[in-house]
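A.B. asks: The following block contains the structure, expressed as structure tokens.
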Amino acid sequence: MGKKVKKEVEPPPKDVFDPLLIESKKAATVVLMLNSPEEEILAKACEAIYKFALKGDENKSTLLELGAVEPLSKLLLHEDRIVRRNATMVFGIMASNNDFKKLLKELDIMSSVIAQLAPEEDIVIHEFASLCLANMSVEYTSKVQIFEQGGLEPLIRLLNSPDPDVKKNAVECIYNLVQDFQSRAAVRELNAIPSLLELLKSEYPIIQLLALKTLGIISNDKETRRILEENQGLDHLLKILETKEFNDLHVEALAVIANCLEDIDTMQLIQQSGGLKKLLSFAETSTVPDIQKNAAKAIAKAASDSENRKILHEQEVEKCLITLLGMENDGTRVAASQAISAMSENLASKEYFNSQGIPQLVQLLSNDNDEVREASALALANLTTANPVNANAAAEAEAIEPLINILSCKRDGAVANAATVLANMATQEPLRLGIQSHGVMSAMVEPLHSSNSAVQSTVALTLAAIACDADARTELRNAGGLEPLVKLLHSKHDEVRRHASWAITVCASDEPTALELCKLGALEILEELNLSVRGKNNFSEGAHSKLLDNNLSLKYSQTGYLSSNNIINDGFYDYGQTKPGTKFLSLEEISSQGLTDRRAVLLINSKFPETTPPPSSGDDKILEYYGRSTSSSLRKLSREKSSSPQASPSDEKPELLGRTITSLSKGSTKEKGLRKGKGKKEEEKIKEEEELPVALKVTPAVHLEKKEWLPPADPDLCEYVTEVSRTILPITNLQDQIQVLAQFVAEKMGGPIEKDGLHKFSWELHISEIEFALKSNVIPIGKIKKGIFYHRALLFKVLADKIGIGSSLVRGEYNRAWNEIKLVNDSTKGITGFLPPPQVYIVDLMFHPGNLMKERSAEAERYQFL
């Protein structure tokens, strides 16, 4: 064997760099290493950065400042598995930093992160890639990117991963994604529900909780609930409720059950299995407020279906809800009230709550929590709707005052609900009067100014329900509530306009309120609405008509027509036809203008001013104050009043002319003396002359006080009313009454006129003389002794209204006006079972007073038109 020769070691090649171990103490140096072409350096640099970032947010910010993100993003798709893994780990940790998230969105590398979820990648990459996506999915724009770039499908696949961290990250990301409806549908289509149900069996509570939260959101969709039922999802959920160790999951489990119970099939299934009874018992016996709250929410959702309400009623759900209503937790009270509200759609449940639920709900109206007050008011609103018994029960529980107090609450829903309860109660007159006595009209003024359409609508409706009383309308008017009500007519919401129109219709039932509404522009707004196809509603036309019906002066001026139902009262005046856009002046405004060149305004005022005593017979000088002496018929009425046993002298009071009690008594006694003989006539005359100056001397003292403006008196009209009442009312035949009245009117207005002699009838000069004498365009109609068509027609209408004869008033052109009356043909009155329609006739007041001309006849046409 030969001697061994030692083999010489070959020196390393001259073109190869010797390995160098580098120890870096600066993060900046390691960041620079991320650009190295060597895989080993890249892997170690990523690992070092991961450990550095893991220490806290400050280090993450430092890495961002050093520009580590961009080179790291390139390494996510590196060929080397270890480099990819370490880079993904850095991304998973860094994604909790908000600045990092913003930068990731700018770099648009979401697809690179999603690519790490591929099945062939190892579990560590899955864990940190899913962690990165879970952190990113909190923001809406990132959710959209993840969904659009196909991230949902691999995430659902990872729900079945053997690694619990991967499952946790994946389900958390899915939970964030399903907040959007598109992702919810995709989750269902990708068959994620069985995997989510499987997670409920996990030994890790956080995974179970996230799975339940995800199911709670996606089960809002009906199709998802069907899939849950097919996969025995309810069994899984009920098992969680029955397991005390899972009490931290009970709230979320109840939320899912609540969604499932919306379906009648699911409700029947859970009832048949005994699960519903367990659920209600669980809700009553639990001491956890959130569990009780969610149980009540589950009942409320289930009660949205009529069939479900029947099932719940059979299970005596009302007892459970009343128990929950008495809990100290406000959230539970709110949920229980909402459930009662839903169950009140069932008539049997509504009756059940009458004695046991309503008093508790009324107590909650005074709760410090506005949300509780809103929910309890909602329950009462539904319980009292179309149910007078429950409305009475609420009143007996003293609900009126707290409900009115809620009207000043800052929570819109509470105000709307409280107003609805008050409206429901106001359908009964005793309750309405009770509500009114608490100052409700003043309390509704503030919510009328609300910008919330629901509040505007319900308060307007409530106002309409209560304002059917004159005192209520007066209170509303004095509180300034009409102005905001009128403004609601401008609302863009149909319901608000509709309810405001209805409220105005009710409020316009008396003349003072109707006049105030007109001053505020309600009439013009309603006219504009009624011309608009879109703005018009069922009540706007009625409101417009009602305003005019209680402002007949304006109605006649605008429309030129008053029906037989439009009864003319004192204070009416014929202003003449007004053109659109022309301001309609009040009588006081016209009077303040004095004498102008416009046409005379005809005034109806058949009563004496309140400050003036009615003239007694014999006081001719005093009667001259009113313009002229009264007729014998008016004297007779005055004598009867003076001699009446009910009218004692002590009841009389000094009025405008300063007449003392003594002088009035003497004046009354004097009337009796006149009827006994002429012997005492001269003596009475001397006494009268002695008393009269005394009365006149005290007149100026009364006028020192500033009096409210009153329209001029019209004693002649007063005499006309007395005379037609005495002479025409005893007549039994309507046609005869009309003819006698027509002849009376014609006589007072200058008598019959020849058709060819109308131009000789100097009525215009007569009117001018009256205007000049009064220094005003306002003329009491009784002063007109020469009148033509429109004077006579107005007087006929006024007197007909006073004695109950139905007559309309129509304005024509060229000073024409006429009255229409309806009569049934006498020849058909005796025929049994035959009731012909009445025929319309025009009353001749000019040429042949009392003549009735059939409507549309040639004779009537000639009377109406030139």
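Numbering (UniProt numbering), first residue to last: 1 to 866. Backbone N, C-alpha and C define an ideal beta-carbon position, used for all residues, glycine too. Please read all numbers here as calculations on a predicted model, not as lab measurements.
Go to Q839, then tell me how far its beta strand (DSSP E) extends in each direction, as first and last residue.
C.D. replies: Translated into positions along the sequence shown, residue 839 becomes position 839. Note, Q839: beta strand (DSSP E), Q839 to V843.
A.B. asks: Skipping 5 residues on each side, what residues in its chain have a beta carbon closer than 8 Å to that of E483?
C.D. replies: The residue given as residue 483 occupies position 483 in the sequence shown. Excluding residues within five positions, the ones whose Cβ falls inside 8 Å are L520.
A.B. asks: Taking the straight line between their C-alpha atoms, what separation do you get for R85 and E70?
C.D. replies: Translated into the one-based positions of the sequence shown, residue 85 becomes position 85. Translated into the one-based positions of the sequence shown, residue 70 becomes position 70. Using only the alpha carbons, I get a separation of about 16 Å.
A.B. asks: Could you tell me if A858 is buried or exposed, where buried requires 16 or more neighbouring beta carbons within 10 angstroms of its beta carbon?
C.D. replies: Here residue 858 refers to the residue found at position 858 when the sequence shown is read from its first residue. So A858 counts as exposed.
A.B. asks: When you compare the CB positions of N452 and A416, do they come within less than 9 Å of one another, or not?
C.D. replies: In the sequence shown, the residue the question calls residue 452 occupies position 452. In the sequence shown, the residue the question calls residue 416 occupies position 416. Yes, Cβ-Cβ distance for N452 and A416 is below 9 Å.
A.B. asks: Among E39, R184 and N98, which one has its Cα closest to the Cα of L64?
C.D. replies: Walking along the sequence shown from the start, residue 64 turns up at place 64. Considering only alpha carbons, the answer is N98.
A.B. asks: Please report the Cβ distance between I738 and I821, rounded to the nearest whole angstrom; I am assuming they are in contact, meaning their Cβ atoms lie under 8 Å.
C.D. replies: Position 738 of the sequence shown holds residue 738. Position 821 of the sequence shown holds residue 821. That belief holds up - the Cβ atoms of I738 and I821 are roughly 6 Å apart, short of 8 Å.
A.B. asks: In whole angstroms, give me the CA-to-CA distance for A742 and S776.
C.D. replies: Stepping through the sequence shown from its first residue, residue 742 is reached at position 742. Stepping through the sequence shown from its first residue, residue 776 is reached at position 776. Distance between the alpha carbons of A742 and S776 is about 29 Å.
A.B. asks: Using DSSP with H/G/I as helix, E/B as strand and the rest coil, what is S130?
C.D. replies: Numbered from its first residue, the sequence shown carries residue 130 at position 130. Per DSSP, reduced to three states, the secondary structure at S130 is helical.
A.B. asks: What first and last residue would you give for the beta strand (DSSP E) that runs through R811?
C.D. replies: Taking the first residue of the sequence shown as 1, we reach residue 811 at position 811. S808 to R811 is the span of the beta strand (DSSP E), which, as asked, contains R811.
A.B. asks: Alpha carbon to alpha carbon, how far is E316 from M327? Give it in angstroms, no decimals.
C.D. replies: Here residue 327 is taken as the residue at index 327 of the sequence shown, counted from 1. Here residue 316 is taken as the residue at index 316 of the sequence shown, counted from 1. In this structure, the CA atom of M327 is about 19 Å from the CA atom of E316.
A.B. asks: Can you give me the start and stop residues for the beta strand (DSSP E) that I821 sits inside?
C.D. replies: As a working mapping, residue 821 is identified with position 821 in the sequence shown. Taken as a continuous stretch (DSSP letters only), the beta strand (DSSP E) holding I821 covers A817 to L823.
A.B. asks: In its own chain, which residues sit with a C-beta less than 7 Å from the C-beta of L729, not counting the 5 before and 5 after it?
C.D. replies: Translated into the one-based positions of the sequence shown, residue 729 becomes position 729. Once the five neighbours on either side are set aside, the close Cβ partners of L729 are I803.
A.B. asks: Need the endpoints of the alpha helix (DSSP H) that K854 sits in, please.
C.D. replies: For the purposes of this step, residue 854 is taken as residue 854 along the sequence shown, with counting starting at 1. Premise fails: K854 lies in the beta strand (DSSP E), L852 to K854, not in any alpha helix (DSSP H).
A.B. asks: Have a look at V144, S96, M89 and E861 and flag the residue whose alpha-carbon is nearest the alpha-carbon of L117.
C.D. replies: Mapped onto the sequence shown, residue 117 falls at position 117. With distances taken between Cα atoms, L117 lies closest to M89.
A.B. asks: Is the CB-CB distance between I781 and E771 below 9 Å?
C.D. replies: If you number the sequence shown from 1, residue 781 lands on position 781. If you number the sequence shown from 1, residue 771 lands on position 771. Going by C-beta atoms, I781 is not nearer than 9 Å to E771.
A.B. asks: Would you call the stretch 561–574 and the stretch 526–540 in contact, with 3 or more CB pairs under 8 Å?
C.D. replies: no
A.B. asks: Ignoring anything shorter than 4 residues, give me the alpha helix (DSSP H) runs that lie fully in the stretch 440–468, in order along the chain.
C.D. replies: Counting whole runs of 4 or more residues, the stretch 440–468 contains the alpha helix (DSSP H) stretches 440–443, 445–448 and 453–466.
A.B. asks: Rank M110, D801 and V144 by C-alpha distance to the C-alpha of L131 and give the top, closest one.
C.D. replies: Indexing the sequence shown from 1 puts residue 131 at position 131. For L131, the nearest C-alpha among the options comes from M110.
A.B. asks: Following a CB-centred definition, is K760 positioned closer than 8 Å to any heavy atom of the ligand FAD?
C.D. replies: As far as ligands go, the structure on display features none, and thus does not contain the ligand FAD.
A.B. asks: If you draw a straight line from the alpha carbon of M853 to that of Q735, how long is it in whole angstroms?
C.D. replies: In the sequence shown, the residue the question calls residue 853 occupies position 853. In the sequence shown, the residue the question calls residue 735 occupies position 735. Within the model, the alpha-carbon separation for M853 versus Q735 is close to 12 Å.
A.B. asks: Rounded to the nearest angstrom, what separates N387 and S349 at their Cα positions?
C.D. replies: What you label residue 387 is simply residue 387 of the sequence shown in a count that begins at 1. What you label residue 349 is simply residue 349 of the sequence shown in a count that begins at 1. Cα to Cα, N387 sits roughly 12 Å from S349.
A.B. asks: Please report how far the alpha carbon of D510 lies from the alpha carbon of E475, in whole angstroms.
C.D. replies: For this step, residue 510 is matched to residue 510 along the sequence shown. For this step, residue 475 is matched to residue 475 along the sequence shown. If I take the Cα positions, the gap works out to 13 Å.
A.B. asks: Between the stretch 588–597 and the stretch 559–571, can you find at least three pairs of beta-carbon atoms closer than 8 Å?
C.D. replies: no
A.B. asks: If I measure Cβ to Cβ from D57 and keep anything under 7 Å in the same chain, skipping five residues before and after, which residues do I get?
C.D. replies: The residue labelled residue 57 in the question sits at position 57 within the sequence shown. Around D57: N97.
A.B. asks: Are the beta-carbon atoms of E401 and H438 separated by less than 9 Å?
C.D. replies: Position 401 of the sequence shown, counting from 1, holds the residue named residue 401. Position 438 of the sequence shown, counting from 1, holds the residue named residue 438. Closer than 9 Å, so yes.
A.B. asks: Secondary structure at V506, three-state DSSP: helix, strand or coil?
C.D. replies: Start at 1 with the first residue of the sequence shown, and residue 506 comes out as number 506. Three-state DSSP puts V506 in a helix.
A.B. asks: Kindly indicate which residue of E719, I788 and I767 has the alpha-carbon position closest to the one of I753.
C.D. replies: For the purposes of this step, residue 753 is identified with residue 753 of the sequence shown, where counting begins at 1. Considering only alpha carbons, the answer is I788.
A.B. asks: For S219 and L347, I'd like the C-alpha separation in whole angstroms.
C.D. replies: Here residue 219 corresponds to residue number 219 of the sequence shown, with the count starting at 1. Here residue 347 corresponds to residue number 347 of the sequence shown, with the count starting at 1. Taking the straight line from one Cα to the other gives about 29 Å.
A.B. asks: Please classify Y573: does DSSP put it in a helix, a strand, or coil?
C.D. replies: The sequence position of residue 573 within the sequence shown is 573, counting from 1. Strand, per DSSP.
A.B. asks: From what residue to what residue does the alpha helix (DSSP H) around I31 run?
C.D. replies: Numbered from 1 along the sequence shown, position 31 holds the residue referred to as residue 31. Looking at the sequence shown, residue 31 is not Ile but Val. Looking at the DSSP string, the run of the alpha helix (DSSP H) that includes V31 is A27 to M33.
A.B. asks: Whole angstroms is fine: what's the gap from E855's alpha carbon to T505's?
C.D. replies: Position 855 of the sequence shown, counted from the start, is the residue given in the question as residue 855. Position 505 of the sequence shown, counted from the start, is the residue given in the question as residue 505. The alpha-carbon atoms of E855 and T505 are separated by roughly 33 Å.
A.B. asks: Compare the Cα-Cα distances from L422 to each of P837, P849, A391 and E121 and report the closest residue.
C.D. replies: Counting from 1 along the sequence shown, the entry for residue 422 is found at position 422. When only C-alpha atoms are compared, the closest one is A391.
A.B. asks: Have a look at L799, E769 and K760 and flag the residue whose alpha-carbon is nearest the alpha-carbon of T727.
C.D. replies: Within the sequence shown, the letter at position 727 stands for residue 727. Residue L799 is the option with its Cα nearest to T727.
A.B. asks: Looking only at its own chain, which residues have a Cβ that is under 8 Å from the Cβ of D265, when we skip the five neighbours before and after it?
C.D. replies: As a working note, residue 265 is residue 265 in the sequence shown. Residues E229 of the same chain have their beta carbon placed closer than 8 Å to that of D265, with the five preceding and five following residues left out of the count.
A.B. asks: Going by the beta-carbon positions, is the gap between L489 and L463 smaller than 9 Å?
C.D. replies: Start at 1 with the first residue of the sequence shown, and residue 489 comes out as number 489. Start at 1 with the first residue of the sequence shown, and residue 463 comes out as number 463. L489 is not a Cβ neighbour of L463, given a cutoff of 9 Å.
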